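Residue 39 in this note's numbering sits at position 22 of the sequence shown; the count goes up by one each step and never skips.
What follows is a short report on a single structure.
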Amino acid sequence: MDLKILDDLSNGIVFIDLNKKIKYLNKTAKSIIKKEEGDPCFGPFDICKNCPIDNFLKNGMFKKVENFDTKLLCCNKTVCYSINPVYEDGKVIGFLEEFRDSTKLHEYIEEIEKEKEFNKIVLDSVIDAIIVIDEEGKIIQYNQVAKNLICKEVDNIKGMNIELLFNKKVSELPTNRKDVFIETPALGKIKVSLVATPMKNFKGRVISFYVVPECMLSSDNISKTRLISKSPSMSYIIEIAKTVADTNANVLLEGESGTGKNVLAKYIHNLSSRRDKPFIKINCAAIPENLLESELFGYVKGAFTGAIKDKPGKVELADKGTLFLDEIGELPIYLQSKLLHLIQEKEFERLEDLKTRKVDIRIIAATNRDLYQLVKEGKFREDLYYRLKVISIKVPPLRERKEDIPFLINYFIEFYSENYKKKIKKNFSRSIKNIT
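This is the structure:
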C-alpha cells in the first residue's frame, strides 16, 4: 500500500499496525506529534484514552472513534481526530488515524467565551437596563437590571419577543431618548426614559432605559407609588428593595425626615406577593399615646367610654398584607412588648378582649431616630429592635444624591401641571446647575 500520496495533506495521517507500531505518518502528523515511523503509538502519543485497537486485539470488536476536542500529551496541542480500521483481503491489517490541529480554533473559542463573560460583567455593572434585540424583536442579549425590570421570575429571557414583554411595538420605541410608558410582566405599567439605537452592522437595536419614576398601582388601584432616582446610592437601595420584596422578612427603613421612607415602603409592598392585599400605615408619632393601642390593635364594645361597637385596629386590617409603622421610635415602651408578641406569635388581642386573633402580616417600620441609641438609653426594647431590623435600609438625604434633583424637578413640574391644569414653562436649567 503506497501511502506517500498522503504526505501533503493538511490533516495529520498516521497508520498503525496490529502491533501498535507506527508504520507511516505524513509530514503534518510529524510536525504535530513529533514521532517517526517505527515508534510505538502508546505513551505520550496515546491520544485515545479508551483505545479501540486494544479492544479489537482483545475480542475482535472495533468501535469507530471520533473526537472533536482532545489534548495531546506530547505537544500540548488540541486536535480533532478519528480512527478507522484498514482492510486488506477482507482482514484488518491496521488502523488509520486522521487528525488536524485545532489549537488555534480552541483558543479562539476560549477567547470568545472570555469576551462573552467580560461583556456580561460590564453589562451587569451598568445602572441602566440594557437589551439587544434582532430585527424580529427577539432578545439576543441583556443585563441583570433589564431582567429584573422585565421578568425576574424567568431564568433566561433570551429569545423572548420584546413587543410582548413591553406591550409596545418595536417601531414605537424612540431612537432618541424619551420618556415612554411600557408594561412589563414584573412591574406592570412603568414610565421609563428609553432609547432604542439601531445597530450599524447588524439588523437590530440596542435598547437602553431606566425608570423615571417606577410607577405601580397600590393595593386599592387608585393611588400610585412613584420612586424617582438615577443616583448610584438610590439605585443600590432600589435593587435591595427588589431583592427583599418577595420575602416575608421585616424591614427597617432608617433616614432623615423627608427622604421618602414611606414611598420606599409602599414600593417594597407593591413588588411583593402581597401587592394585591392591604397596605396599612400608622404614624406612631401622630396619634396620642392614650389612643395608640386601640388604634393599632382595635377594641371591643365597652372597652372604654365611647366604645359603642367593636372596631378592628390597623393590625387586623393589614391581615395578609403589609403593616407600615412610621416613626417607630416614638412607640411607647409599654406597647413595644405587645408589638414584639405580635411579631413572634403572629397573634394579638383587641383592647379589653379575651379572644386571641391570628394574623398574617409583613411589617415595615421607619424611623428618623437612632434606634440603637434609644436601646442603649433604655427607651426601646433591644429584642424588638432586632426583630424589626431583619433587613435594614438606610435612605440617604437628597443632599447626598444631588443627581436626582433634575428628575425630581421634572416630575413635580409634570405633577403640578397636570393637577392644576396649568403648563409650567419656566426653564430651571441654571438653577439646577447651581444646586447640583
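From the three backbone atoms N, C-alpha and C, an ideal C-beta is built for every residue, glycine too.
From a predicted model like this one, the values you see are computed outputs, not experimental measurements.
Selected residue, minimal CA-CA separation from residue i, among the options
{"i": "residue 304", "options": "316, 328, 348, 200", "result": "348"}
{"i": "residue 188", "options": "152, 390, 105, 164", "result": "152"}
{"i": "residue 356", "options": "211, 337, 192, 376", "result": "376"}
{"i": "residue 197", "options": "224, 30, 418", "result": "224"}
{"i": "residue 287", "options": "115, 260, 311, 276", "result": "260"}
{"i": "residue 411", "options": "28, 253, 39, 73", "result": "253"}
{"i": "residue 323", "options": "311, 360, 438, 331", "result": "311"}
{"i": "residue 118", "options": "44, 186, 178", "result": "44"}
{"i": "residue 404", "options": "178, 418, 360, 364", "result": "360"}
{"i": "residue 174", "options": "199, 195, 193, 147", "result": "147"}
{"i": "residue 300", "options": "166, 340, 437", "result": "340"}
{"i": "residue 388", "options": "438, 354, 269, 327", "result": "269"}
{"i": "residue 168", "options": "206, 195, 193, 194", "result": "206"}
{"i": "residue 380", "options": "145, 264, 76", "result": "264"}
{"i": "residue 98", "options": "108, 110, 114", "result": "114"}
{"i": "residue 193", "options": "183, 201, 210", "result": "210"}
{"i": "residue 401", "options": "353, 427, 362", "result": "353"}
{"i": "residue 219", "options": "278, 150, 331", "result": "150"}
{"i": "residue 372", "options": "327, 408, 159, 331", "result": "327"}
{"i": "residue 291", "options": "378, 208, 395, 145", "result": "378"}
{"i": "residue 208", "options": "244, 176, 266", "result": "244"}
{"i": "residue 110", "options": "145, 52, 73, 309", "result": "73"}
{"i": "residue 382", "options": "351, 397, 346", "result": "346"}
{"i": "residue 5", "options": "342, 302, 329", "result": "Nothing about residue 5 can be read from this structure; the chain reaches only from 18 to 453."}
Test item: CB-CB of residue i and residue j under 8 angstroms
{"i": "residue 190", "j": "residue 163", "result": "no"}
{"i": "residue 319", "j": "residue 367", "result": "no"}
{"i": "residue 271", "j": "residue 414", "result": "no"}
{"i": "residue 344", "j": "residue 384", "result": "yes"}
{"i": "residue 116", "j": "residue 36", "result": "no"}
{"i": "residue 317", "j": "residue 364", "result": "no"}
{"i": "residue 30", "j": "residue 55", "result": "no"}
{"i": "residue 334", "j": "residue 297", "result": "yes"}
{"i": "residue 165", "j": "residue 203", "result": "yes"}
{"i": "residue 201", "j": "residue 226", "result": "no"}
{"i": "residue 258", "j": "residue 407", "result": "no"}
Buried or exposed (CB count within 10 angstroms, at least 16 for buried), residue i
{"i": "residue 25", "result": "exposed"}
{"i": "residue 233", "result": "Residue confidence is low: residue 233 scores 33 on pLDDT, short of 50, so the model does not pin down where it sits. Its coordinate-derived value is still stated next. So residue 233 counts as buried."}
{"i": "residue 125", "result": "exposed"}
{"i": "residue 262", "result": "buried"}
{"i": "residue 440", "result": "exposed"}
{"i": "residue 416", "result": "exposed"}
{"i": "residue 157", "result": "exposed"}
{"i": "residue 172", "result": "exposed"}
{"i": "residue 337", "result": "exposed"}
{"i": "residue 435", "result": "exposed"}
{"i": "residue 399", "result": "exposed"}
{"i": "residue 41", "result": "buried"}
{"i": "residue 249", "result": "exposed"}
{"i": "residue 325", "result": "exposed"}
{"i": "residue 437", "result": "exposed"}
{"i": "residue 241", "result": "In this predicted model, residue 241 has a pLDDT of only 48, less than 50, meaning its place in the structure is not dependable; the value taken from the coordinates is given anyway. The residue is exposed, with fewer than 16 neighbouring Cβ atoms inside 10 Å."}
{"i": "residue 307", "result": "exposed"}
{"i": "residue 100", "result": "buried"}
{"i": "residue 122", "result": "exposed"}
{"i": "residue 181", "result": "exposed"}
{"i": "residue 237", "result": "Residue placement at residue 237 cannot be trusted, given a pLDDT of 36 that sits under 50; the coordinates are not used to answer."}
{"i": "residue 255", "result": "buried"}
{"i": "residue 62", "result": "Interpretation of residue 62 is limited by its pLDDT of 46, a score under 50 that renders its predicted location unreliable; the figure taken from the coordinates is listed afterwards. Residue 62 is buried by the Cβ-count criterion."}
{"i": "residue 48", "result": "exposed"}
Beta-carbon separation (whole angstroms), residue i vs residue j, contact threshold 8 angstroms
{"i": "residue 247", "j": "residue 429", "result": "In fact, because the Cβ distance is near 15 angstroms, the residues do not count as touching under 8 angstroms."}
{"i": "residue 22", "j": "residue 58", "result": "Incorrect: roughly 22 angstroms between the Cβ atoms, too far for contact."}
{"i": "residue 70", "j": "residue 112", "result": "6 angstroms"}
{"i": "residue 154", "j": "residue 179", "result": "5 angstroms"}
{"i": "residue 251", "j": "residue 418", "result": "6 angstroms"}
{"i": "residue 331", "j": "residue 313", "result": "5 angstroms"}
{"i": "residue 185", "j": "residue 199", "result": "6 angstroms"}
{"i": "residue 396", "j": "residue 350", "result": "7 angstroms"}
Residues that DSSP places opposite residue i in a beta bridge
{"i": "residue 314", "result": "Answer is none; residue 314 lacks a bridge partner."}
{"i": "residue 322", "result": "Note: residue 322 sits in no beta bridge, so no partner."}
{"i": "residue 158", "result": "149"}
{"i": "residue 379", "result": "339"}
{"i": "residue 5", "result": "Residue 5 lies beyond the stretch modelled for the chain, which goes from 18 to 453, so this question has no answer here."}
{"i": "residue 508", "result": "A question about residue 508 goes unanswered here, because the residues of the chain that appear run from 18 up to 453."}
{"i": "residue 300", "result": "343"}
{"i": "residue 259", "result": "DSSP, once it has assigned bridges, lists no residue as partnering residue 259."}
{"i": "residue 222", "result": "150, 215"}
{"i": "residue 329", "result": "315"}
{"i": "residue 6", "result": "Residue 6 lies beyond the range of the chain shown here (18 to 453); nothing can be said about it."}
{"i": "residue 364", "result": "375"}
{"i": "residue 351", "result": "DSSP output for residue 351 lists no bridge partner at all."}
{"i": "residue 295", "result": "None, per the DSSP bridge assignment."}
{"i": "residue 15", "result": "This structure does not reach residue 15, given that the chain is present from 18 up to 453, and the question cannot be answered."}
{"i": "residue 403", "result": "In the DSSP output, where bridge partners are listed per residue, residue 403 has none listed."}
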